[in-house]
Structures are given as structure tokens and as C-alpha cells.
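Chemist: Quick note, the sequence shown lines up with residues -26 to -1, 1 to 157 if you use mature numbering (1 follows the signal peptide of the UniProt record, and there is no 0).
For each residue, glycine too, the CB sits at the ideal point set by N, CA and C.
Keep in mind it's a predicted model, so treat the numbers as computed, not measured.
So that we are looking at the same thing, I have put the structure below in C-alpha cells.
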Amino acid sequence: MKQRDKLIRYFLTMSLLSCMVNHATAMVNIHYKGSIKYSTCGIKTQNINVDLGTWLTKSQNGFGSAQNTQSDWVEFTLDFECPDSMSLLNGQFQGASESSGKYLSLDKGNGYSTGAAIEIQSYENASHRWVNRNINTLYNFMKNEAVNKGNTSLKVRARYVQTHTKLTQGKANASVTFVVQAN
């Protein structure tokens, strides 16, 4: 009987140990997911349609009369909501640029105008002047006190520029995306 009790204790002990060993070797994979982002301004202004007007290809003077002439400026505003920690507003106008990179290229295809592009400027509050903005180039648009904690606006204007000696008639449309960059 003592032999039998020892044998039972032995098997019970081994059973418990084998359970512990199985539990000790069990593994769990833990995956973490998330992101860390810079604080940046949100864009309150949604899709804007800017009507640059209708212009003649063979004007006596002004836009359409010669290369490097321009149409009238058309102004609009981009509105942002910025966090309290924001002291800079960096961004860029992203789109198809014409060969110099200075202007926004017009859409191409049948029925579209050729020989012109769109010039974009933004207003600098600090210097109280309008500044040319090349396409696909990152700029600092506002600094420190100009970024009003909460609501901030950026004044922008655009116009046609005749980029070639020959200007053809047709649709003169283009699209650009303003992208706010993390500071």
C-alpha cells in the first residue's frame, strides 16, 4: 500500500509539473498600434472655386496682348484652426507646374487654352505685401503672432499669366491643393 501511495503521489506530482511546464511555455504575441503626429493647423475652408474670368486672346493691351502680360487678380481666403501650441503655418500649393515651376499649369487636352498659366500669391502680414508662391515649394506662411491661437486666415490671390507668345482660346482651368505641413 505504501508503494501504491508513493506511485499515486509520483503520478500526481508529475501531472502537476507537466501542467506547469505547459503553462510556462505558452506564449502570447502582443501587437501595439497607433501613431504619433505633429500638432498642426486644420483647414476649415473646403473646396474653393475661383473664377478668374473670361479674357480675349488678342487684346490691344493687357492680358492676351503679349507674353508676360497678366489678367486681373482674384482674391480669396484660406481659413485654418490652429492649436495653442502652434507658432508657424507651413504649407505648399501642390499641383502641375509649368516648366519654370513658378506657375500652375492649365489643364491640357482638346478644347483647352494653351500659352498661359496661373500665378499665385499670398499676403504676408509681417511685411504687409503680396509674395509670389511657386508651385510645389514649401513656404512658411505665418510666424508666431500671426498664427492666432484658434482661427487663422491666409489671404491668397491668383491670376492668368501669358507664358508664351501665342495664346489659344479654350477652357483655362487648373486645380491646386494647399497642404499644411507639420511644424
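#1: Under 9 angstroms between the Cβ atoms of residue 163 and I92?
#2: Who are I17's beta bridge partners in DSSP?
#3: Residues in its own chain within less than 8 angstroms of T151 by CB, not counting five upstream and five downstream?
#4: For the beta strand (DSSP E) that contains T151, what are its first and last residues?
#5: Where do the ends of the beta strand (DSSP E) carrying G124 lie?
#6: Identify the continuous beta strand (DSSP E) that holds E93 and give its terminal residues.
#7: Once the 5 residues before and after K32 are set aside, which same chain residues still bring their CB inside 7 angstroms of it?
#8: Looking only at C-alpha atoms, which of V154, T137, Q155, S149 sits nearest to I22?
#9: Do you know how far the Cα of K145 is from the Cα of S127?
#10: Under 8 angstroms Cβ to Cβ from N110, same chain only, skipping five residues before and after it: list those, please.
#11: Opposite E49 in the DSSP bridges: which residues?
#12: Apart from the five residues just before and just after S45, which ones in its own chain have a Cβ nearer than 7 angstroms to its Cβ?
#13: Taking Cβ positions, are T139 and Y77 nearer each other than 9 angstroms?
#14: Run through DSSP, which three-state label would R(-18) get?
#15: Could you name the residues of the same chain whose beta carbon sits closer than 7 angstroms to that of T43, not counting the 5 residues immediately before and after it, in chain order?
Modeler: So, from the listed chains and residues:
#1: The question about residue 163 has no answer, for the chain in this structure spans -26 to 157.
#2: F54
#3: Only F67, Q68, G69 meet the Cβ criterion.
#4: 151 to 155
#5: 124 to 136
#6: 90 to 98 is the extent of the beta strand (DSSP E) around E93.
#7: G38
#8: Between I22 and the set V154, T137, Q155, S149, the nearest pair of CA atoms involves S149.
#9: 30 angstroms
#10: Q66, F67, Q68, G69, S71, G75
#11: R131
#12: Correct list, in chain order: L26, G27, W29, F37, R133, Y134.
#13: no
#14: Reduced to three states, the DSSP call for R(-18) is helix.
#15: G36, F37, Q136
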